[in-house]
Amino acid sequence: MKTMKNWLLTGLLFMIVSTAFSQGKITGMITDGTGSLPGANVVIKGSATATSTDFDGKFTINTTTSTGEIVISFLGYDNLTLKFSVTNGGTTNLGTIVLASNSNELSEIVVKSSIVDVAKDRKTPVAVSTIKAAEIQEKLGTQEFPEILRNTPSVYATKSGGGFGDSRINIRGFDQKNIAVMVNGMPINDMEGGTVYWSNWAGLSDVTTAMQVQRGLGSSKLAVASVGGTINIITKSSDKKEGGSFSSGFGNGRNFKIQGSYNTGKLENGLSASILLSQTMGDGYINGTQFEGSNYYVALGYSTKNNKHDFQFTVTGAPQWHNQRSTVSTIATYQQYGSLSDPNTRYNPDAGYLNGEAYNIRKNYYHKPIASINWDYKINETTKLSSVFYASMGRGAGASATGGIRGKSYSDVLAFRTADGLVDYDKIVAYNSGTPVLINGFTGLQTRAQVGGVYQNTSATGSNAATGATTGTSGISQTSSINSHDWYGAVINLNKKLTNTLTLDFGVDARTYTGYHYTVVNDLLGGGEYFDATMKSDPARHITATYPTDVQWNVFQKKDYEKISFNSTGKVQWLGAFTQLEYSKDNLTAFVQGSISQQGYKREDNFVYVPTDPLASTDYEKILGGNVKGGANYNISEKSNVYVNAGYYSKQPFFNSVYPNNRSTVNPNLTNEKIIGFEAGYGFRSKYFNGTVNVYNTNWNDRYLKGNPLPASGTIAANTTYTEYLGLNEVHSGIEFEGSSNITEKLKVTGMFSYGIWEYKGNATVNAYYQADNTPVDGFTGIPVYMDKVKVGDAAQMTASVGASYEVVTRVTVDANYNYNDKLYAGLTPVNFTSADNKGALELPSYGLMDAGFSYKMLTGKNKDKSVNFRLNVNNVFDKVYIAESRTNIFADDNLPVSGTQLPGANGTYASKGLLYNGVATSNQVFFGFGRTWNFTLRYDF
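Residues 0 to 941 in numbering that gives the first Met the number 0 are what the sequence shown spells out, letter by letter.
Structure follows, in structure tokens:
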């Protein structure tokens, strides 16, 4: 018996010693199905043994047990537990391990805060696409921020005029005024008009951790303008792991950018900090669009030891100036300064020279910093309070021209043009200062007469000069339309887990906004004074003060300007409440949510009205709106899921619809816009292929739309007006597909396809106003337009793309993507739709663009935990010439203009006279897209 006990004790001791001293290794590579995941955590379950993946997503971890489990975790993905078995002294390779995305954890901020409504894969029933920081950092290059999204379904992004930050984006045919753009849960669409100027947010691409596009009404709990979709932008948080980077890049158009960042990581005392600074400049791809921009980002964080409270303070801003191409030329003009077969697509009718230096009268300069404090309070295991308090002060303007000479504006296609199409600003200065000059199209020297002993500029174009006279009195000035604001807001959300299956959210959304709108004189261009007669209480002011077009870095500085043309203040007060109930059990997730908001609009104006007039300061016009949404997702299996959602949105009109025509009288036909949306989809997830397909239908009634300028005519100069459509109805429906596949461990393929049917329904009315002072255009007030079945323009209704990346050798990758756009129609111009038998919207030629890139990552440092990264991007590889948008609807079979007693059609049609480019009449005003561009970036990560 004793001998048996000794044998048992000896055997047990041997087993313990063998286990204690056995040693094995576990290796593998962790990916998300499309790329490696550096920094993923790997832990042997039940022990303190842990490691993290390297820059290639690979890991090696030692184990003292022959069997067990490892737990893999990475921010933005579901945790994964895997069993392992390893022999003593041996190595077990687990191969490629694919983590499933959990979009609710895209960044530290998202995990902690219920403010940010980010969709969760196979759970939130909405159509969604996510762009991660690595892709933005790698592929954006010198493209505009919205362009990184153009390979997602139903997204159309264009550079518009081509100035720095002047790009625009449409989702499902809806422009960015009707797309909710959120940064860390904060709405950033302008509170008066819903606009988003990407030049004010040029630095976002530097600090974005992830960007998610939710198409349709989306999952936002707020009563925001998510008609077309929601763009959720998640920025870096201060408690990222310790490290930083330096980068420098350059590209065509003398584009140069330098950037540096550093994160302290979370310190033992709970504090953390992050900072990023960058500077960019260049000449621009379009002629005369020089630019310069800066970006700063500072984040400070603090977490209590018990993790009950977490605070994140961030401030970021991107002060910039850039010259623009605001005047839209006809195709014939591009051909004039190029050739019939090769139009000069870089031509800028606003650019020229003054005193021997490049000069552009159209310039944007702005600084819009935003500061926020995020506070997340874990009250207990079932209750969490999340809040964000924010403030933004925007200071800046867009400079343009006011007035004219002998009835001609600076942008006239002939009067002040040099032989190569530039604006002769020296000639304008000479005439303004009294020097006789030759003006193209006029006979003999033209001279300017003084008014009251001075060369007096006004808003008049000079059309009052006698026919055939050689003397006029009017002149041209550079003026700026100031659009500054002060904006404060807060969003507070309480998240309560009622049961194991039910979660309730409710909260408030409060905002206050004051917008300052007026015009100042920047440059008299040789004139002696500016005479302004628009201020009712002082209708004869002689102004000599001018103000530079410089960026205002100090947004707290109050400046006193002498104002011209108009001066009004728009005030908006927003108070909203929202709630959501979510059910989640096993394979079924469902939600219902509702929100209500009251927007109050107040207008103050001491130009149009004398101070004693009650309309000089209105009461708040308060309008209720809100939405109700619901949806469900069911996971059929581990690979397949289906979802459906529907919603109704009562959207308050924009400020200019409440107070139209630059007046303080409330629109008597004021009504909320009504949107009804429906969507259904199917998703498939596997190790080798991920895909989603969905259908949607959106009905939008009583829409307000600010449209394109009226075409130039004998009484209206080009690009000097704007239009407003009232009572528009639209129907947008379509189908979307998005997928990705790991063909091999080294070859990844992505693709998308979308097809939409976007049409107007019924008829509407249109008004036209002059841009300079918002006065009505004679003959264009309350004009009926026949819109039934007219295609919605400015966005391609069919898009497709296919892309691939291939790792040639370790850490050397090449990639390419082809993007195709079809069913692209011109924007609205009311003169084309005043007849019931109109031809509809002009369809533009389809086009496809190829982009390509090359990446190399070189590991450095003793532990190979640092890297030097090289990236080359080439966009539009084949230098495709294409029309990206058209402001007019002139058809090939339309008659050419006639004069005098000529009958319609006497001069033939555009087609009969060969005045076509790629099938499009050459009198159409268009913007061509960019040709081939390239950029190279070198980045050091440590």
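Each residue gets a CB set at the ideal place from its N, CA and C atoms; glycine is no exception.
Check	Outcome
Checking 9 Å against the spacing of the C-beta atoms, do Thr691 and Tyr681 come in under that value?	yes
State the DSSP-derived secondary structure class of Trp197, mapped to helix, strand or coil.	helix
Run the CB neighbour count on Thr936, radius 10 Å, all protein chains shown included, and call it buried at 16 or more, exposed below.	buried
With a 10 Å radius around its C-beta and 16 neighbouring C-beta atoms as the bar for buried, classify Glu137 as buried or exposed.	buried
Based on DSSP bridge pairs, tell me the residues matched to Ala414.	Paired residues: none, contrary to the question.
Taking the alpha-carbon positions, what's the Tyr337 to Ile475 distance?	Strictly speaking, residue 337 in this sequence is Gly, with Tyr absent from that position. Distance between the alpha carbons of Gly337 and Ile475: 29 Å.
Can you look up Ile372 in the DSSP assignment and give me helix, strand or coil?	strand
How far does the alpha helix (DSSP H) with Tyr336 in it extend, from its first residue to its last?	Looking at the DSSP string, Tyr336 is not in any alpha helix (DSSP H), and its letter there is neither H nor E.
By the three-class DSSP mapping on this structure, what secondary structure does Pro547 have?	coil
Which class does Asn177 belong to by DSSP, given the choice of helix, strand or coil?	helix
Fully enclosed by the segment 133 to 186, which beta strand (DSSP E) runs are 3 residues long or longer?	154 to 157, 167 to 170 and 178 to 182
Pair every Cβ in the segment 301 to 315 with every Cβ in the segment 240 to 255, then say whether three or more of these pairs are closer than 8 Å.	no
Have a look at Lys367 and Asn251 and give me their C-alpha separation to the nearest angstrom.	28 Å
Quick one, are the C-beta atoms of Thr401 and Asn456 less than 9 Å apart?	yes
By DSSP, does Ser800 sit in helix, in strand, or in coil?	strand
Between the segment 204 to 222 and the segment 282 to 291, do three or more beta carbon pairs fall short of 8 Å?	no
Tell me whether Tyr454 sits in a helix, a strand or coil according to DSSP, three-state version.	coil
Counting only runs that start and end within the segment 605 to 685, where is the alpha helix (DSSP H) found for 4 or more residues in a row?	654 to 657
Can you check whether the CB of Ala396 is closer than 9 Å to the CB of Ile257?	no
I'd like to know if the segment 548 to 558 and the segment 223 to 233 are in contact, where contact means that at least 3 CB-CB pairs between them fall below 8 Å.	no
Could you have a look at Ile438 and say whether DSSP puts it in helix, strand or coil?	coil
Shortest alpha-carbon distance to Leu421 belongs to which of Gln335, Thr470, Phe163 and Gly755?	Gln335
From this set, Thr63, Leu98 and Leu36, which residue's C-alpha is nearest Arg684's C-alpha?	Leu98
Under 8 Å: do the segment 725 to 742 and the segment 78 to 92 share three or more Cβ pairs, one atom per stretch?	no
Classify Thr382 as buried or exposed, calling it buried when 16 or more other Cβ atoms lie within 10 Å of its own Cβ.	exposed
Assign Asp836 to one of two classes, buried (16 or more other C-beta atoms within 10 Å of its C-beta) or exposed (fewer than that).	exposed
Give the secondary structure of Val428 by DSSP, where H, G and I count as helix, E and B as strand, and everything else as coil.	helix
Which whole-angstrom value is the C-beta distance of Tyr529 and Ile563, which I expect to be below 8 Å?	6 Å
Just list the residues that DSSP pairs Leu580 with in beta bridges.	Leu503 and Val591
So, helix, strand or coil for Ile108, using DSSP?	Model confidence at Ile108 stands at a pLDDT of 33, short of 50, so the residue's coordinates are unreliable; what they give is reported in the following sentence. Ile108: helix per DSSP, three-state reduction.
Could you tell me the alpha carbon to alpha carbon distance between Asn816 and Ser800, rounded to whole angstroms?	7 Å
Buried or exposed: Phe927, going by 16 or more other Cβ atoms within 10 Å of its Cβ?	buried
Are the Cβ atoms of Ser153 and Ser753 separated by less than 9 Å?	yes
Which first and last residues belong to the alpha helix (DSSP H) in which Ser204 is found?	Leu203 to Val206
For Ile96, does the three-state DSSP call read helix, strand or coil?	strand
Find out if the Cβ-Cβ distance for the pair Ile674, Tyr647 is shorter than 9 Å.	yes
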